[in-house]
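Down below is the structure, laid out as structure tokens.
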């Protein structure tokens, strides 16, 4: 298994020669000295602090070679969907996990979930994969599988402890994201779902840039009804326009709460400015749907189980499934348009 803590780092005299390097796809590169240290690699930062060892970030390829390598690795990916949010705590990772579960419900579909929230990797917990490790094969890093048709990759699998903090500057984060795309043996998959951190920072720029060598169907943006969330979502939409990232649509999480006993609905987060629906109308963006609050969603995430199987009759389950259906239809339409162009 690969471990962040055991890697000597590209600047070490043991790079490519240490016992921990055996089986790594970049061993020869590091041993040759061609893997230059990342600008963010110096100093005391590291997952364990105090100058602890860091994952091997490979040399910068020339742009054409880098693009070709990424394109080759991702050529078996049919659809790629980014999940974004302007603010943390709005249910973005929860949606990513449920989107993956929902798409993988069809056994004839291969689904992969990539967690690039480097500093806050919650996907392993939500998918019931805490404590799992990444293993090496002749063709690269192997995803960790929830089901035969649902694989997951996250920096959470590379940490020696669940409490380890990843304290990296932007260049190191970018290097690991590139490595996830280039060195993971994704195989042939129908959907690659990418869970991103909140905001519009290094990770978002990097993933859009790297996937430019392949293809992105679009982004799903998650929000909650209140204005304090919507104001950051407007920035996220502006980011998508600036980097020419198609927007599949917006999902409003925590949209009301229906009491399971009296059936009355309460607005826990009042849409004081009209909520996501009004914002989408103003910005000419699709509203994919609204998901009501359900305490079982949080419980399922903490237990690492699918909310769909835990609460199949919940109004939230129905909302999620309708949203997932719309995303599938959007991706299928994109595929048809590409075939016409070809």
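Residue numbers (full-length UniProt numbering): 1 to 342. Every residue gets a Cβ at the ideal spot worked out from N, C-alpha and C, and that includes glycine.
- The segment 117-128 and the segment 84-97 touch, with three or more beta-carbon pairs separated by less than 8 Å.
- With 16 or more other Cβ atoms from the protein chains shown falling within 10 Å of its own Cβ, residue 79 counts as buried.
- Excluding five sequence positions before and after residue 268, the CB atoms of its chain that fall closer than 7 Å to its own CB belong to 254, 257, 293, given in chain order.
- When DSSP reads this structure, residue 257 sits in a beta bridge with 266, 293.
- Distance check between residue 295 and each of 242, 151, 307, 215 places 307 closest, using alpha-carbon atoms only.
- Bridge pairing for residue 189: 77 [DSSP].
- The C-beta separation of residue 315 from residue 270 comes to about 19 Å, leaving the pair out of contact by the 8 Å criterion.
- Looking at 131, 16, 191, 15, the one whose alpha-carbon comes closest to that of residue 304 is 131.
- Per DSSP, the beta bridge partners of residue 83 are 195, 220.
- A check of alpha carbon separations from residue 75 across 181, 276, 311 identifies 181 as the nearest.
- For the 7 Å CB-CB criterion, residue 251 and residue 189 do not form a contact.
- Comparing C-alpha distances from residue 244 to each of 279, 205, 170 shows the shortest one belongs to 205.
- Between residue 153 and residue 194, the alpha-carbon positions lie close to 10 Å from each other.
- The three-state secondary structure of residue 154, taken from DSSP, is strand.
- Put simply, the backbone Cα of residue 135 is about 11 Å away from that of residue 185.
- If you draw a 10 Å sphere on the C-beta of residue 281, you find fewer than 16 other C-beta atoms in it, and that means exposed.
- Residue pairing for residue 115: DSSP places it in a beta bridge opposite 154, 195.
- Each residue's CA atom was taken as its position, placing residue 273 and residue 299 some 30 Å apart.
- In this structure, the alpha-carbon of residue 175 lies about 22 Å from that of residue 85.
- Residue pairing by DSSP places residue 147 opposite 150 in a beta bridge.
- Here the C-alpha atom of residue 297 lies approximately 24 Å from the C-alpha atom of residue 148.
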